[in-house]
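Notes for the one structure printed next.
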DNA sequence: GTAGAACCTGACACTGACGTCAGAGGTAGA
DNA sequence: TCTACCTCTGACGTCAGTGTCAGGTTCTAC
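Chains as they are written, first to last, in the UniProt record's numbering: chain B, 1 to 131; chain X, 1 to 131.
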């Protein structure tokens, strides 16, 4: 599989795949002429990388975590586990924050929709949202 | 309340408060000599702004939403409601993704911890994570 | 009134993941 | 072998929120 194929099959850009390699997160074989080649496993790996990026992990944090995906025994240093636990905790907090914000948005939508239906122009401001 | 007070009481930086004003998200009175002055309501507003920023809304999206916080009746145009509904849906998806990633991290942590306890060097790679 | 802290505007720097461009070479079907 | 497309490296651009600096004004406590 060449880089364009991998990009298409993972929904990423060629640029991103080169960037991941540059960060040490993705490896490739090279043909005699220098073109990158990937096997099928690369697809799952790229999807995992994207998932971790989407979760807000940085390249360096992902680089810390990935060896644990590849060889959990060899890579399970205390620091690596600590990094993963920190990220786990951070994600928990972030989920709580996002749920809270989502609920507030739902409240706003309901308020705005009600106003639209009633066509009333004398409505109270939606106060105390961030309480 | 001057800008430094507001920054301290909301845990933000003075720079950010000026930026929010620049983006039309926060207003201030000015003294005769041009210094910004805020009332107590600004604290809740800044906290809400930070919450929306943390949820990944951009300045322009927040600028679309905020009038609805202030005057839900006057601001409840169809487009505004549509923007809020899009963000609401996006947050829902993002929460699901984050929960999934968090659970995968928990799995990795468990696997790594088990390896650390057993001290076994012959472990299967943690495959099929991004399935 | 003076020192020092806080404030003002304006501008440039930074971060990090990625877009985009240039110039060159590789690949594959007709 | 021609053509069209793909890939290579290297470099610079982008975005958005914020840090930081410069040069100046304002406030406050002594």
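A virtual CB, placed ideally from N, CA and C, is assigned to each residue, including glycine. Just so it is clear, the structure is predicted and the values come from calculations on it, not from any experiment.
Beta-ladder partner(s) of residue i, from DSSP
i	result
residue 29/B	37/B
Residue i, enclosing alpha helix (DSSP H) - first and last residue
i	result
residue 16/X	14 to 22
residue 139/X	Residue 139/X lies beyond the range of chain X shown here (1 to 131); nothing can be said about it.
Near the ligand ADP: residue i beta-carbon under 6 Å from a heavy atom
i	result
residue 66/X	For the ligand ADP, the structure offers nothing, since it holds no ligand at all.
Could you tell me which uninterrupted beta strand (DSSP E) segments, each at least 3 residues in length, are contained entirely in the stretch 46 to 79 of chain X, listed from first to last along the chain? none
Could you tell me whether the stretch 34 to 52 of chain X touches the stretch 97 to 115 of chain B, where touching means 3 or more Cβ pairs closer than 8 Å? Put simply, the stretch 34 to 52 of chain X touches the stretch 97 to 115 of chain B. At least three CB pairs are less than 8 Å apart.
Does the stretch 59 to 71 of chain X come into contact with the stretch 31 to 41 of chain X, if we say contact requires no fewer than three beta-carbon pairs (one atom in each stretch) closer than 8 Å? no
If the cut-off is 7 Å on Cβ atoms, which residues from the stretch 25 to 53 of chain X count as contacting chain B, listed in chain order? 44, 47, 48, 51, 52
Residues in the stretch 60 to 88 of chain X having any Cβ partner in chain B nearer than 9 Å: Here the close residues are 65, 68, 69, 70, 71, 72, 73, 74, 75, 76, 77, 78, 80, 81, 84, 85, 87, 88.
Identify each residue in the stretch 93 to 109 of chain X for which the Cβ-Cβ distance to at least one residue of chain B is less than 8 Å, and report them in chain order. 94, 95, 97, 98, 99, 100, 101, 102, 104, 105, 106, 108, 109
Determine, using beta-carbon pairs with one atom in the stretch 69 to 76 of chain X and one in the stretch 103 to 112 of chain B, whether at least three such pairs fall under 8 Å. yes
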